[in-house]
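Engineer: Residue numbers for the sequence shown follow the working numbering, beginning at 290 and rising by one. The beta-carbon is built from N, C-alpha and C at its ideal position, and this holds for glycine as well. Please read these numbers as outputs of a predicted model, since none were measured by experiment. Let me begin by handing over the structure; questions about it come next.
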Amino acid sequence: MKAVFSVLAGIAGVACAQVIDNTATRVQTTLETGMKRLGTLQPKAAHEIGTSRWTLGCETIDREYSDYHAFKEYLPALGIKRIRLQGGWARTEKDPGIYDFAWLDCIIDDARARGLEIWLETSYGNPAYPGGGGRTLAGGMPTSEEGLKAWDRWVEQMALRYKNKVRDWSMWNEPELKGANGTETITAFNMRTAEIIKRINPDARIAALVLCNPKLDIIEPFLKTLKERNKLHLFDWIVYHHYTHNPDQGYEGVVKARELVRSYAPTMKLWQGESGTQSEWCPAGALCKYPWSELRQAKWNARRMLGDIGHGSDSLVFTAADLDYRTTSFHNGLGRYGLLKTAGAAENFKVLKVKTAYYAVQNVVSVFNDALAWVPDYPCEVTCEKPLAVFGHKDVKSGQQVCVFWDKSGVPSNHN
């Protein structure tokens, strides 16, 4: 009887899985163009698209705020080839000197088997060591001699273990949040960490800083120090995060940051490494306490993605699935940033539905990939009573131009 029940439970689980809609009417709105529909964008899976422009956030698994295995089946069909993971020192080394990478091994191996690439972040700290830093956001970097030596061993172990599996690496997440660390500390910690990774894997590509936004007062002294110490070669990107209610705001700082970075390192790029909004009103988290909806989230994500690449930045969508924050003082409860609506930890993070934003992101990456090349300072004017965002791209093979534009005057509306 027990065996029969188990089989029935398994069948029920499969039956309850939320299906990805690939029909022409997968997204329905009230928009009426008055024009004849000639066709519908065909989504492309990750293995059908060649691009490094896009990354999908799969964060917080290290703190068990989400579960990769609950949403992994939905990743390849989205079309984004690279996912962001956080290494999770405190989860991996619960007792000093004893590393258990099993939880991270199975995620990285599964993702690679699905044709996905990994962007692995070294965050966060480990309270198992005095002065080892906090294990959550704004917890502070390791400060004691013992904590820093333990950090070095952790980074070395991770770099050795994933040398042949992970090419792209990232520094500590949002180190300046709430004044947790100063510029000199952040700079020294970035160099210290990157040098360990490069010593073990000279071919590694490393993203620096990972700031809450493109702060020039941190970026410039950071680059200046790197140049003085002949360390610019350590990093391939400067990473910033970007949260604004209107997704088209804040790019003035991005443009200035790009110019600054080029003045020090012409080949170094900017990477928008975390940005997204919620699909409903939520009490905590970035852009919280606002009447978001699935439609607003979908339009916000599309505008932010196209705005990022239109300003020459690589772009990350935050995040794959909703997050159940449970152990921080300023984040608590479910954060509905996910492209997938998921339950919390009490219900094993099961997927409840595929949100409209999933299909919006799917559409964007099906068109804007390595088949198109960005045209900086695109010479095009569109006359409209509202301010517009206008960007140009061209087809790599044919040279045909693609002009993309939208109303950038305000927060995405809840109607069309």
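Tell me which residues share the same chain as T381 and place their Cβ nearer than 7 Å to its Cβ, disregarding the 5 neighbours each side in the sequence.
Structural biologist: Correct list, in chain order: Y388, D389, F390 and L393.
Engineer: Go through the stretch 607-689 residue by residue and report every complete run of the alpha helix (DSSP H) that reaches 4 residues or more, in order.
Structural biologist: Counting whole runs of 4 or more residues, the stretch 607-689 contains the alpha helix (DSSP H) stretches 645-656.
Engineer: Whose CA, out of P332, A313 and A334, lies closest to the CA of R326?
Structural biologist: Measuring from the Cα of R326, the nearest candidate turns out to be A313.
Engineer: Report the option in G601, K588 and P431 whose CA atom is closest to the CA atom of W443.
Structural biologist: Taking only the C-alpha atoms, the option nearest W443 is P431.
Engineer: Which residues share a DSSP beta bridge with W458?
Structural biologist: Per DSSP, L409 and I495.
Engineer: Just grab the DSSP bridge partners of H530 for me.
Structural biologist: DSSP output for H530 lists E563 as bridge partner(s).
Engineer: Taking a contact to mean a Cβ-Cβ separation below 9 Å, would you say Y529 touches L498 in this structure?
Structural biologist: The answer is yes: Cβ separation under 9 Å.
Engineer: Establish whether the CB of L330 and some CB of chain B are separated by less than 9 Å.
Structural biologist: Of the chains in the structure shown, none is chain B; there is only one protein chain.
Engineer: Is there contact here, the stretch 682-700 with the stretch 345-364, by at least three beta-carbon pairs under 8 Å?
Structural biologist: No, the stretch 682-700 is not in contact with the stretch 345-364.
Engineer: Between which two residues does the alpha helix (DSSP H) harbouring T514 extend?
Structural biologist: From DSSP, the alpha helix (DSSP H) with T514 extends over L505 to E517.
Engineer: Using the three-state DSSP reduction, which class does K487 fall into: helix, strand or coil?
Structural biologist: If DSSP states are grouped into helix, strand and coil, K487 belongs with the helices.
Engineer: Using three-state DSSP, classify R551 as helix, strand or coil.
Structural biologist: The answer is helix: DSSP assigns R551 an H, G or I state.
Engineer: Look at the Cβ atom of K370, then the Cβ atom of S341, and state whether they are nearer than 9 Å.
Structural biologist: Cβ distance < 9 Å, so K370 and S341 count as in contact.
Engineer: In chain order, what residues of the same chain lie with their CB nearer than 7 Å to the CB of H534, ignoring the 5 residues before and after it?
Structural biologist: Closer than 7 Å at Cβ, skipping near neighbours: L576, Y579 and V700.
Engineer: Considering only their Cβ atoms, is the gap separating E435 from P419 smaller than 9 Å?
Structural biologist: Yes, the pair counts as a contact, with Cβ atoms nearer than the cut-off.
Engineer: Between M460 and T425, is the Cβ-Cβ spacing less than 9 Å?
Structural biologist: Contact: no.
Engineer: Less than 9 Å separating the beta-carbons of D603 and W526?
Structural biologist: A contact, by the Cβ cut-off of 9 Å.
Engineer: Measure the Cβ-Cβ separation of I508 and Y451 and say whether it is below 9 Å.
Structural biologist: No, these two residues do not count as a Cβ contact at 9 Å.
Engineer: What is the rounded straight-line gap between the Cα of P536 and the Cα of V671?
Structural biologist: Looking at the two C-alpha atoms, the distance is approximately 20 Å.
Engineer: Going straight from the alpha carbon of R488 to that of W458, what length do you get?
Structural biologist: Answer to the nearest angstrom: the Cα atoms are 13 Å apart.
Engineer: Buried or exposed: which applies to S698, given that a residue is buried once 16 or more other Cβ atoms fall within 10 Å of its Cβ?
Structural biologist: Looking at its Cβ environment, which holds fewer than 16 other Cβ atoms inside 10 Å, S698 is exposed.
Engineer: With distance defined between alpha-carbon atoms, name the residue in A469, H531 and G468 nearest to G596.
Structural biologist: Closest option to G596, Cα to Cα, is H531.
Engineer: Determine the extent of the beta strand (DSSP E) in which I397 is found, giving its start and end residues.
Structural biologist: Note, I397: premise wrong, no beta strand (DSSP E); alpha helix (DSSP H) at A391 to A402.
Engineer: For the putative contact between E583 and T645, defined by C-beta atoms under 8 Å, what is the C-beta separation to the nearest angstrom?
Structural biologist: Contact flag correct, Cβ pair sits at about 4 Å.
Engineer: So, under 8 Å CB-CB, A335 and G377 are touching, yes? Tell me the CB distance rounded to an integer number of Å.
Structural biologist: Actually they are not in contact, since the Cβ atoms of A335 and G377 sit about 24 Å apart, beyond 8 Å.
Engineer: For the beta strand (DSSP E) holding G346, just list the boundary residues, first then last.
Structural biologist: Residues W343 to G346.
Engineer: On the three-state DSSP scale, how would you describe L367?
Structural biologist: Helix at L367.
Engineer: Measure the alpha-carbon distance for D696 versus K675 and round it to whole angstroms.
Structural biologist: Using only the alpha carbons, I get a separation of about 6 Å.
Engineer: Give the single residue among N652, H600 and S412 whose Cα lies nearest to the Cα of H682.
Structural biologist: Taking only the C-alpha atoms, the option nearest H682 is H600.
Engineer: Rounded to the nearest angstrom, how far is the Cβ of H658 from that of G339, given a contact under 8 Å?
Structural biologist: According to the sequence displayed, residue 658 carries Asn and not His. Between G339 and N658 the Cβ distance is about 7 Å, and since that is below 8 Å, they are a contact.
Engineer: For D351, does the count of other Cβ atoms within 10 angstroms reach 16, so buried, or fall short, so exposed?
Structural biologist: By the neighbour-count rule (16 or more Cβ atoms within 10 Å), D351 is buried.
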